[in-house]
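See below for the structure under consideration.
Numbering (the working numbering), first residue to last: 58 to 553.
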């Protein structure tokens, strides 16, 4: 009779032998590809030669602190800060992407479990009778050990693929977070832009009302005709209608902000306050760093790494599958004698299986993952090209709007002077009131244009920050060992 200690020793030797053999890895070695087919530029094209233009951005030197942490604080707006804090806690899309990341981590744990043996306890009882024998009982209690040593790297490649996929999910989470934060900031500045337009129109309505009162007095005293009164009334009514219409866009921006911060739109409101922010100076960094600063680009690169590991996993199917099994326990016809030494039972040994013919299934699987890798490669490079496009677009918009604002303010000043001159000419009887109306409309149009450009400056500054990655860096991506850790109780709890 072989003792249980000897069974344990044999099983241990087999396990250690398999561990030593499980060192082979098949499949292509992963190396991150170059992001573009051409060299990256030293500076962005849309950045002028001077490093501190008035357009609201600057070239960051290597020693400069880049955008870090809550990037929106660069606007120095406490109300925006408070809204962003609510978004980071309550935004439902961010929560969804976080749970996707938790799911990816669970898949890592599942892949890691395949590297280890399984131990199963089995117990059974049966009673049978075969004529002419008397009924007998059969009692079995055993432990079953099974292990497939990873001789060819199938499970290790699967684990790596799952780890890289979890990193992809982490990158997607940060990209979604940045997208939601940028959307909130843009909606907020657009709402403030509507408030600024409302202020302009409110001032215009006051001026138009005074003009109407003046014309009525002039008409009643016989100095002017009724046409001037009607024109003044029409000007006032148009301004009032435009003022009322502003409420539509403002309400929509307010409702959009409510959704972003996880609030019911019916229960949320933001007090009116005109736009008073000025575009901040945004450190743009050097183009070579952009690839490391974009979470979507980092996720695309990790997706390639995951596909590469899947190729190695598919290659392992060409080699035999080795399984080591061991069983030990007790078997008896009577419960009282079940655990007697004479009733011990055991078995131990390996098994090998190899696919002889599969009609090209394994080859097709390898080709599938190679194609997946190639597709991910092109998607990665496309994401890099798109990132540069978005940065250059935002830089151009910020730079051009800065010049446009200067010109628009000059036009506004000219319109103010023109209106003053027309009022004098009207009051002295030189020109009809229609000339004053035209001058008023010109001034109102220029004032609205100034507010529109100022609002667009703020939203384009947000777009530039978003295009630059919002201060994120690839070093913040969790490592394979970090995504392999078990989630906390709070992270894995069912949400309500």
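Ideal Cβ placement from N, Cα and C applies to all residues, glycine included.
It should be emphasised that the depicted structure is a prediction, and the values quoted were computed from it without experimental measurement.
Simplified DSSP state of residue i, which is helix, strand or coil
{"i": "residue 193", "result": "strand"}
{"i": "residue 545", "result": "coil"}
{"i": "residue 182", "result": "strand"}
{"i": "residue 209", "result": "coil"}
{"i": "residue 374", "result": "helix"}
{"i": "residue 288", "result": "helix"}
{"i": "residue 383", "result": "strand"}
{"i": "residue 531", "result": "helix"}
{"i": "residue 311", "result": "helix"}
{"i": "residue 388", "result": "strand"}
{"i": "residue 94", "result": "coil"}
{"i": "residue 201", "result": "strand"}
{"i": "residue 457", "result": "helix"}
{"i": "residue 77", "result": "Bear in mind that a pLDDT of 47 at residue 77, under 50, signals an unreliable position, so the model cannot answer this."}
{"i": "residue 339", "result": "strand"}
{"i": "residue 274", "result": "helix"}
{"i": "residue 466", "result": "helix"}
{"i": "residue 404", "result": "strand"}
Per-residue burial, residue i [other beta carbons within 10 Å of its own, 16 or more giving buried]
{"i": "residue 409", "result": "exposed"}
{"i": "residue 200", "result": "exposed"}
{"i": "residue 211", "result": "buried"}
{"i": "residue 433", "result": "buried"}
{"i": "residue 100", "result": "exposed"}
{"i": "residue 128", "result": "buried"}
{"i": "residue 151", "result": "buried"}
{"i": "residue 336", "result": "buried"}
{"i": "residue 261", "result": "buried"}
{"i": "residue 112", "result": "In this predicted model, residue 112 has a pLDDT of only 44, less than 50, meaning its place in the structure is not dependable; the value taken from the coordinates is given anyway. Its Cβ being crowded by 16 or more others within 10 Å, residue 112 is buried."}
{"i": "residue 413", "result": "exposed"}
{"i": "residue 274", "result": "exposed"}
{"i": "residue 140", "result": "buried"}
{"i": "residue 176", "result": "exposed"}
Anticipated Cβ contact below 8 Å, residue i with residue j, distance rounded
{"i": "residue 93", "j": "residue 441", "result": "6 Å"}
{"i": "residue 417", "j": "residue 402", "result": "About 44 Å separates the two Cβ atoms, so there is no contact after all."}
{"i": "residue 147", "j": "residue 406", "result": "Rounded, the Cβ-Cβ distance is 58 Å, inconsistent with contact."}
{"i": "residue 257", "j": "residue 219", "result": "The pair is not a contact, with the Cβ atoms about 57 Å apart (cut-off 8 Å)."}
{"i": "residue 493", "j": "residue 480", "result": "6 Å"}
{"i": "residue 490", "j": "residue 323", "result": "Actually they are not in contact, since the Cβ atoms of residue 490 and residue 323 sit about 46 Å apart, beyond 8 Å."}
{"i": "residue 292", "j": "residue 497", "result": "6 Å"}
Inter-residue spacing [alpha-carbon to alpha-carbon] between residue i and residue j
{"i": "residue 517", "j": "residue 505", "result": "18 Å"}
{"i": "residue 326", "j": "residue 316", "result": "12 Å"}
{"i": "residue 299", "j": "residue 461", "result": "24 Å"}
{"i": "residue 366", "j": "residue 378", "result": "19 Å"}
{"i": "residue 277", "j": "residue 268", "result": "14 Å"}
{"i": "residue 541", "j": "residue 162", "result": "6 Å"}
{"i": "residue 339", "j": "residue 488", "result": "50 Å"}
{"i": "residue 119", "j": "residue 354", "result": "With a pLDDT of 36 at residue 119, under the threshold of 50, the modelled position of that residue is not reliable, and no figure is offered here."}
{"i": "residue 388", "j": "residue 153", "result": "52 Å"}
{"i": "residue 253", "j": "residue 102", "result": "33 Å"}
{"i": "residue 58", "j": "residue 194", "result": "Low confidence applies to residue 58: its pLDDT is 40, below 50, so where it sits in the model is not reliable, and the reading given next is rough at best. Rounded to whole angstroms, residue 58 to residue 194 spans 24 Å at the Cα level."}
Residue i: CB within 6 Å of a non-hydrogen atom of the ligand MG
{"i": "residue 294", "result": "Among the ligands in the structure shown, none appear at all, so the ligand MG cannot be discussed."}
Under 8 Å: do the region 351 to 362 and the region 425 to 442 share three or more Cβ pairs, one atom per stretch? Yes, the region 351 to 362 is in contact with the region 425 to 442.
Validate contact between the region 483 to 495 and the region 198 to 215 using beta carbons, cut 8 Å, 3 pairs: Three or more Cβ pairs closer than 8 Å define a contact, and the region 483 to 495 falls short of that threshold against the region 198 to 215.
Under 8 Å: do the region 343 to 351 and the region 524 to 532 share three or more Cβ pairs, one atom per stretch? Yes: at least three Cβ pairs fall under 8 Å.
Using a Cβ distance threshold of 8 Å, determine whether the region 160 to 175 contacts the region 212 to 232, with at least three qualifying pairs required. Put simply, the region 160 to 175 touches the region 212 to 232. At least three CB pairs are less than 8 Å apart.
Do the region 315 to 330 and the region 175 to 185 touch if we need at least three Cβ pairs shorter than 8 Å? Short answer: they don't touch.
Cβ contact check for the region 388 to 402 and the region 236 to 243: 3 or more pairs under 8 Å: Verdict: no, contact absent.
Does the region 131 to 141 come within contact of the region 295 to 310, defined as at least 3 CB pairs closer than 8 Å? Here the region 131 to 141 makes no contact with the region 295 to 310; the two share fewer than three CB pairs at distances below 8 Å.
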